[in-house]
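In order, the protein sequence lines correspond to chains G and V. For the first sequence, position 90 (counting from the first letter as 1) is numbered 89 according to numbering that gives the first Met the number 0, and the numbering increases by one without interruption. For the second sequence, position 120 (counting from the first letter as 1) is numbered 119 according to numbering that gives the first Met the number 0, and the numbering increases by one without interruption.
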Amino acid sequence: MINTLFKLSWVFLKIGTFTFGGGIVIIPMIENEVVTNYEWLTKAEFIDAVTLGQITPGPVIISATFIGYKVCGILGAIIATASVILPSFIMICLATEAIKKFRENKILANFLRGARVAVIGMVFDAGVSIGRSSLVDLKTVLIAAASIICLFKYKTNPIWVLLGAGMVGLVWGG
Amino acid sequence: MEKQKLKEQAERLYLQGLHAFAGSANPADTESMKLAAGLWQQALELYRKAGDKDRAKELKKSLAVLYKKEYLKSDKSKEKQGVILGKFKDWFMFLKIGCFGFGGPMAVFTLLEDELVREKKILTNKDFLEGAVLGDVLPGPVTMDIVTYTGYKLKKWRGALISTVVFILPSFVLMIILAMLYDKYSLTPKIAGILQCLGAAVTGLILSVALKLTKTEMKDYRELCILIWAFASSLIFKLDIVLIVGLCGLVGIVIYHDEPKKL
Numbered sequence: 000m001i002n003t004l005f006k007l008s009w010v011f012l013k014i015g016t017f018t019f020g021g022g023i024v025i026i027p028m029i030e031n032e033v034v035t036n037y038e039w040l041t042k043a044e045f046i047d048a049v050t051l052g053q054i055t056p057g058p059v060i061i062s063a064t065f066i067g068y069k070v071c072g073i074l075g076a077i078i079a080t081a082s083v084i085l086p087s088f089i090m091i092c093l094a095t096e097a098i099k100k101f102r103e104n105k106i107l108a109n110f111l112r113g114a115r116v117a118v119i120g121m122v123f124d125a126g127v128s129i130g131r132s133s134l135v136d137l138k139t140v141l142i143a144a145a146s147i148i149c150l151f152k153y154k155t156n157p158i159w160v161l162l163g164a165g166m167v168g169l170v171w172g173g
Numbered sequence: 000m001e002k003q004k005l006k007e008q009a010e011r012l013y014l015q016g017l018h019a020f021a022g023s024a025n026p027a028d029t030e031s032m033k034l035a036a037g038l039w040q041q042a043l044e045l046y047r048k049a050g051d052k053d054r055a056k057e058l059k060k061s062l063a064v065l066y067k068k069e070y071l072k073s074d075k076s077k078e079k080q081g082v083i084l085g086k087f088k089d090w091f092m093f094l095k096i097g098c099f100g101f102g103g104p105m106a107v108f109t110l111l112e113d114e115l116v117r118e119k120k121i122l123t124n125k126d127f128l129e130g131a132v133l134g135d136v137l138p139g140p141v142t143m144d145i146v147t148y149t150g151y152k153l154k155k156w157r158g159a160l161i162s163t164v165v166f167i168l169p170s171f172v173l174m175i176i177l178a179m180l181y182d183k184y185s186l187t188p189k190i191a192g193i194l195q196c197l198g199a200a201v202t203g204l205i206l207s208v209a210l211k212l213t214k215t216e217m218k219d220y221r222e223l224c225i226l227i228w229a230f231a232s233s234l235i236f237k238l239d240i241v242l243i244v245g246l247c248g249l250v251g252i253v254i255y256h257d258e259p260k261k262l
């Protein structure tokens with residue numbers, strides 16, 4: 000079990016270090032590691048993890064807690080969460096301390112610029128990949144399409160979209 | 000000669016302080032105590048300047064008596080009280096925000112701005128923006144980064160730790176509960192149906208975020224190339240994420256080399 004905990008921690012440390020540009024971008028990374036590499040969760044469970052992460056308050060990163068729990072109980076949950084938060088925690092503290100130098104470092108700025116673009120590409124990939132599993136019938140496709148329109152075009156608050164989808168599921172589900 | 004004058008002045012101050020101290024027999028008379036302490040403090044410095052180490056030592060002892068017997072609460076202990084008070088009042092705000100950030104980063108971001116800049120005035124607008132830039136540029140969720148940033152600004156590493164932990168705690172606890180319930184109930188048809196629809200919505204969410212980011216981040220064809228390459232590498236070649244991000248970052252260093260843009 001200690002071995003698993005170490006692996007869990009390592010994976011989430013990695014995830015926590017490379018997710019530039021927003022909360023959602025951890026999703027492709029998590030899928031890559033947790034579903035494909037280590038097979039700790041099935042694809043369906045992974046999608047649920049992300050979903051639950053969305054409907055809870057706070058950042059999506061909290062999906063790590065769910066995954067940690069599934070892998071190794073409460074201890075796993077704590078370790079996964081702490082590991083995924085630690086890298087950005089340290090980086091923010093260091094950057095705040097040396098904020099001037101940080102913001103004027105051109106190399107760093109350019110690196111991050113490239114990195115962020117890459118991350119966007121991967122988010123598309125995650126969307127496609129998850130879409131393959133989650134869009135199984137007309138109903139789900141319609142929900143996804145409606146979500147995209149509401150969120151991208153009309154900029155609704157995601158919480159309403161999720162509530163709406165949940166209601167649809169409640170009424171038409173089962 | 001100078002030193003002699005300083006000594007005399009110090010002596011005067013000491014006597015004045017003594018007068019204030021002794022003159023009020025009531026230890027609760029903080030005003031006199033403060034006065035005495037202030038005078039003795041000045042006398043102490045003068046003695047030191049005059050080089051009279053013995054007198055300075057004696058005076059230090061007298062001052063210690065004032066503080067020890069709690070005739071006067073020292074500034075230091077007041078600071079400690081401030082820390083404890085500050086702890087509950089300020090950090091509680093993070094807990095509150097952590098509980099109500101439904102609906103994604105934008106909601107939390109707005110809450111943070113309201114609380115930190117407008118209500119509690121912990122950060123100036125400029126500071127807040129700075130935190131947002133840091134959070135955006137560095138890995139990790141923007142909202143969490145702002146929380147850490149604020150905590151750090153308040154009380155360095157300790158503050159950052161407290162603010163971050165307090166912020167994430169409600170979500171953490173809720174998630175654990177949900178995870179426990181998940182094992183039990185996820186397979187029941189009703190719940191499964193709801194989860195399936197939510198999953199579809201989340202798919203839409205992910206794609207919409209990707210689209211939004213494309214709109215805001217893509218500035219020219221170079222970036223489009225990187226994007227397509229990253230997308231393909233991830234989907235088709237299944238390269239490791241670290242590899243993709245790292246390579247694109249290095250590419251970024253090279254191709255943006257001439258541009259003056261800063262963070």
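For glycine and all other residues, C-beta sits at the position ideal for the given N, C-alpha and C.
Handout entry: Residue closest to L134 (chain G), alpha-carbon to alpha-carbon, out of G:V70, G:V160, G:A76 and G:A43
Key = The residue you call residue 134 (chain G) lines up with position 135 of the first sequence. It is G:A43.
Practice task
Please classify K77 (chain V): is it buried, with 16 or more other beta-carbons within 10 angstroms of its beta-carbon, or exposed?
Solution key: Here residue 77 (chain V) is taken as the residue at index 78 of the second sequence, counted from 1. Since pLDDT at K77 (chain V) reaches only 46, below the 50 mark, its modelled position is unreliable, and the value read off the structure follows with that caveat. By the 10 Å Cβ count, K77 (chain V) comes out exposed.
Handout entry: Contacting residues, own chain, Cβ-Cβ under 7 Å from Q15 (chain V) (five flanking each side not counted)
Key = The residue labelled residue 15 (chain V) in the question sits at position 16 within the second sequence. For Q15 (chain V), where only same-chain residues beyond five positions count, the Cβ hits under 7 Å are L38.
Problem - C-alpha distance - W9 (chain G) paired with K60 (chain V), whole-angstrom precision - result: For the purposes of this step, residue 9 (chain G) is identified with residue 10 of the first sequence, where counting begins at 1. For the purposes of this step, residue 60 (chain V) is identified with residue 61 of the second sequence, where counting begins at 1. In a straight line, the C-alpha of W9 (chain G) is about 55 Å away from that of K60 (chain V).
Handout entry: Nearest residue (CA-CA) to V201 (chain V), options G:G126, G:E32 and G:G120
Key = Taking the first residue of the second sequence as position 1, residue 201 (chain V) is located at position 202. When each option's Cα is compared against that of V201 (chain V), the closest is G:G126.
Problem - Residue from V:F236, V:E114, V:I227 and V:I176 whose Cα sits closest to the Cα of A48 (chain G) - result: Residue numbering aside, residue 48 (chain G) sits at position 49 when the first sequence is read from its first letter. It is V:I176 whose Cα lies nearest to the Cα of A48 (chain G).
Problem - Spatial neighbours of I254 (chain V) in its chain, beta-carbon cut-off 7 Å, leaving aside the 5 residues before and after - result: By 1-based counting over the second sequence, the position of residue 254 (chain V) is 255. Cβ neighbours of I254 (chain V) beyond the five flanking positions: R221.
Practice task
Check whether the Cβ atoms of G57 (chain G) and G97 (chain V) sit closer than 8 Å, and answer yes or no.
Solution key: In the first sequence, residue 57 (chain G) corresponds to position 58, counting from 1. In the second sequence, residue 97 (chain V) corresponds to position 98, counting from 1. In contact: G57 (chain G) and G97 (chain V) (Cβ atoms closer than 8 Å).
Practice task
Helix, strand or coil for K75 (chain V), going by three-state DSSP, please let me know.
Solution key: Within the second sequence, residue 75 (chain V) is the residue found at index 76, counting from 1. Here the model assigns K75 (chain V) a pLDDT of 49, short of 50, so the residue's position is not dependable, and the following value carries that caveat. Correct three-state label for K75 (chain V): helix.
Handout entry: First through last residue of the alpha helix (DSSP H) which encompasses W159 (chain G)
Key = Within the first sequence, residue 159 (chain G) is the residue found at index 160, counting from 1. Segment P157 to W171, the alpha helix (DSSP H) holding W159 (chain G).
Practice task
Taking 8 Å as the cut-off, decide whether the C-beta atoms of P104 (chain V) and V141 (chain V) are in contact.
Solution key: For the purposes of this step, residue 104 (chain V) is identified with residue 105 of the second sequence, where counting begins at 1. For the purposes of this step, residue 141 (chain V) is identified with residue 142 of the second sequence, where counting begins at 1. Against a cut-off of 8 Å, the Cβ pair of V141 (chain V) and P104 (chain V) comes out as a contact.
Practice task
Output the boundary residues of the alpha helix (DSSP H) element that contains C92 (chain G).
Solution key: Here residue 92 (chain G) corresponds to residue number 93 of the first sequence, with the count starting at 1. From DSSP, the alpha helix (DSSP H) with C92 (chain G) extends over S62 to E96.
Practice task
May I have the straight-line CA-CA distance separating A81 (chain G) from L212 (chain V), to the nearest angstrom?
Solution key: Stepping through the first sequence from its first residue, residue 81 (chain G) is reached at position 82. Stepping through the second sequence from its first residue, residue 212 (chain V) is reached at position 213. Straight-line Cα distance between these residues: approximately 27 Å.
Handout entry: Interface partners of A21 (chain V) on chain G, CB under 8 Å
Key = For the purposes of this step, residue 21 (chain V) is taken as the residue at position 22 of the second sequence. Here the premise fails: no neighbours, minimum Cβ distance about 49 Å.
Problem - For F101 (chain V), three-class secondary structure by DSSP - result: Position 102 of the second sequence, counted from the start, is the residue given in the question as residue 101 (chain V). The answer is coil: DSSP assigns F101 (chain V) none of H, G, I, E or B.
Problem - Local conformation of P138 (chain V) per DSSP, three classes - result: Here residue 138 (chain V) corresponds to residue number 139 of the second sequence, with the count starting at 1. Here P138 (chain V) sits in strand by DSSP.
Problem - Buried versus exposed call for F91 (chain V) [16 or more other C-beta atoms within 10 Å across all chains shown] - result: Position 92 of the second sequence, counting from 1, holds the residue named residue 91 (chain V). F91 (chain V) is exposed by the Cβ-count criterion.
Exercise for the section: Could you spell out the range, first to last residue, of the alpha helix (DSSP H) harbouring M121 (chain G)? Expected result: For the purposes of this step, residue 121 (chain G) is identified with residue 122 of the first sequence, where counting begins at 1. Note, M121 (chain G): alpha helix (DSSP H), K105 to S133.
Exercise for the section: Indicate whether at least one CB of chain G lies closer than 8 Å to the CB of D257 (chain V). Expected result: Locating residue 257 (chain V) in the second sequence gives position 258, counting from the first residue. Not closer than 8 Å to any Cβ of chain G, the Cβ of D257 (chain V) fails to qualify, so no.
Practice task
Could you have a look at L194 (chain V) and say whether DSSP puts it in helix, strand or coil?
Solution key: Residue numbering aside, residue 194 (chain V) sits at position 195 when the second sequence is read from its first letter. Looking at L194 (chain V) - three-state DSSP - the assignment turns out to be helix.
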